[in-house]
Amino acid sequence: MFSKILIANRGEIALRILRAAKELGIATVAVHSTADADAMHVRLADESVCIGPPLARDSYLNIPNLMAACEITGADAVHPGYGFLSEKARFAEILEAHKIGFIGPSSEHIRIMGDKIEAKQTVKRLGIPVVSGSDDGVTDVKEAKRIGAEIGYPVLIKAAAGGGGRGMKVAKSEDDLEEAFHSARSEARNAFGDDAVYMEKYLEKPRHIEIQVLGDGQGNAVHLGERDCSLQRRHQKVLEEATSPALNDEQRNRIGGLVAKAMAELKYSGVGTIEFLYENGEFYFIEMNTRLQVEHPVTEMITRIDLVNEQIRIASGAELSMKQENIHLSGHAIECRINAEHPRTFAPSPGKITYYHPPGGLGVRVDSGVYAGYSIPPNYDSLIGKLIVHGRNRVECMMRLRRCLDEFVIDGIETTIPLFRDLVDNQDIANGMYDIHWLEKYLANKSADE
Ligand code: ADP
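In terms of our numbering, the sequence shown opens at residue -4 and continues consecutively.
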């Protein structure tokens, strides 16, 4: 087992990792930029190291500074969290070369899944259903037109290096194709420094359903059921739930079993998420994330399995501690992402929190690094916390969520809490009847009414 873990991240996820490490009796090192000197993860860690100025490129993404922090503190493993360096194969490789454990999968698996074209080819070979589209990258408009005619419109042009919903453009018909193609490429070039794009059939009313897996790199893998992340704004998740209101046990076990088998065959190590679009009873793979997800707590609530604990144990060489038959899903969980944003315009709202009162009670979990008196720096993404609620069934979960949202007070800044208060009272949400476009339509109608 590791003796000291350096957490190469910030905010709520740095705290989440710190908690798991402490429970395993492992010492923790926090790293922080100058903008984060007062952050809670820095206060709670056993040691902390400043790794640079506010700009992420110069601090949280600065590999030489992180390596120096490992050297100074004697950390024998690094947990990358999500975002930042969590899916950079090069970082995993450098750590491997310095005999420091990387708490994540092999650099080889990160590389394969980070290229969305190669990822799709790989999982297709392993028997996972994929969205129809170009089997390879598409380099010119002529080829795009040929593929468009073959798969049928509308189509989506997507960045091979994509992430965060960027570099993605829809073409409703061949007339839109040229513009969509060039704009997806230039957005991909700007965002990722790589303009490789591919094409997919654009699904009109799918849900986003993802399967959580856990593998030990020794040929054992299990699935922990699904999360429904269909409530999205600009292709970014806003609220997630487990289990999905759209699936029954038979469908869940079928797709989960398929994914676990594929991951065992791949000898995948650590936690991973296989993302699907789900429409008319069929699953279509879109991508795999080779890291811990923001929404992992809903899975933890219904399985009572600590995913970060498992990640750390597996990275230190342990075998999976469970078999598929030991995993039982119990009740229902919902997560709301609390962002420091205006609840209508979604404009960022950094600044000082003057008063903070989180909800509590049975089945309630708040993962957040903020506190009264804390100033949210303007330099990073706006997620400041997550409210996760569990109930014995979906109705109880929704009732509890409504109660928690009423109780939650964050003063001094704008947050997205009022949006969730509206959503819990909506009939479509209560019925679980929503697809990936539902929230955008709801928000557009709401602003038209005002
Ligand atoms: P990213 O890596 O940028 O998050 P994903 O491939 O995971 O990109 O897709 C993000 C979201 O974009 C999905 O959850 C879904 O809402 C939408 N999307 C992706 N592919 C398609 C598709 N073929 N048809 C319709 N919507 C899609």
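No residue lacks a Cβ here, since even glycine has one placed at the ideal position from N, Cα and C. In this text, all values refer to a predicted model and were calculated from it rather than measured experimentally.
Classify Phe271 as helix, strand or coil using the three-state DSSP reduction.
strand
So within the region 25 to 107, which uninterrupted beta strand (DSSP E) runs reach at least 3 residues, ignoring any that extend past its ends?
42 to 47, 72 to 74
Leu287, enclosing beta strand (DSSP E) - first and last residue
Here Leu287 belongs to no beta strand (DSSP E), and DSSP marks it neither H nor E.
Taking 7 Å as the cut-off, is the C-beta of Tyr197 nearer than that to any heavy atom in the ligand ADP?
yes
Buried or exposed: Ser306, going by 16 or more other Cβ atoms within 10 Å of its Cβ?
Going by the sequence as given, residue 306 is Gln instead of Ser. Gln306 should be labelled buried.
Can you tell me where the beta strand (DSSP E) with Gln231 in it begins and where it stops?
231 to 237
Note down, in chain order, each residue of its chain lying with its Cβ closer than 7 Å to the Cβ of Asp171, except the 5 sequence neighbours on either side.
none
May I ask which residues mark the beginning and end of the beta strand (DSSP E) holding Gly210?
202 to 211
Would DSSP call His177 helix, strand or coil?
helix
Asp395 to Asp420, Cα distance in whole Å?
The sequence shown places Arg at residue 395, not Asp. Each residue's alpha carbon lies about 12 Å from the other.
Drop a sphere of 10 angstroms on the beta-carbon of Pro292, count the other beta-carbons inside from all chains shown, and report buried for 16 or more, exposed for fewer.
buried
So does the region 157 to 170 actually touch the region 230 to 245, counting three or more Cβ pairs closer than 8 Å?
yes
Distance cut-off 7 Å: His291 Cβ against heavy atoms of the ligand HEM
For the structure depicted, the ligand HEM is absent and the ligand set comprises only the ligand ADP.
For Ile405 and Ser363, the rounded distance between their alpha carbons
12 Å
Assuming contact is defined by CB atoms lying nearer than 8 Å, are Val118 and Val192 in contact in what I supplied?
no
Taking Ser316 as part of the alpha helix (DSSP H), name the residues at either end of that continuous run.
That residue, Ser316, is in no alpha helix (DSSP H); it is neither H nor E in DSSP.
Reducing DSSP to helix, strand and coil, say where Ile379 ends up.
strand
Give the DSSP bridge partners of Ser370, in chain order.
Lys347
Please classify Gly368: is it buried, with 16 or more other beta-carbons within 10 angstroms of its beta-carbon, or exposed?
exposed
Am I right that Ile152 and Ala186 are in contact with their C-beta atoms under 8 Å? What's the rounded C-beta distance?
14 Å between Cβ atoms; not a contact.
Cβ separation of Glu195 and Val136, assumed to be a contact under 8 Å, to the nearest whole Å
The Cβ separation is near 17 Å, so there is no contact.
Rounded separation between Thr298 and Ser178 - CA only
42 Å
Restricting to Cα atoms, I'd like to know which of Leu302, Leu219, Glu336, Met283 is closest to Ala114.
Met283
Taking His385 and Met296 to be in contact with their CB atoms under 8 Å, please state how far apart those CB atoms are, rounded to whole angstroms.
4 Å
Which of the three DSSP states is assigned to Lys167 in this structure?
coil
Please indicate yes or no: does the CB of Pro201 lie closer than 7 Å to some heavy atom of the ligand ADP?
yes
N-terminal and C-terminal residue of the alpha helix (DSSP H) that Glu138 is part of:
136 to 146
Assess, as a yes-or-no matter, whether the region 65 to 83 is touched by the region 241 to 256 under the definition of 3 or more beta carbon pairs within less than 8 Å.
no
Start-to-end residues for the beta strand (DSSP E) that takes in Gly220
216 to 228
Just to confirm my understanding: we take Lys507, look at its own chain, exclude 5 residues before and 5 after, and list those with CB closer than 8 Å. What are they?
A query on residue 507 cannot be resolved here, the shown segment of the chain reaching from -4 to 445 and no further.
Going by C-alpha distance, which of His337, Tyr350, Leu400, Glu402 is nearest Leu438?
His337
Classify Arg5: buried if its beta carbon has 16 or more other beta carbons within 10 angstroms, exposed otherwise.
buried
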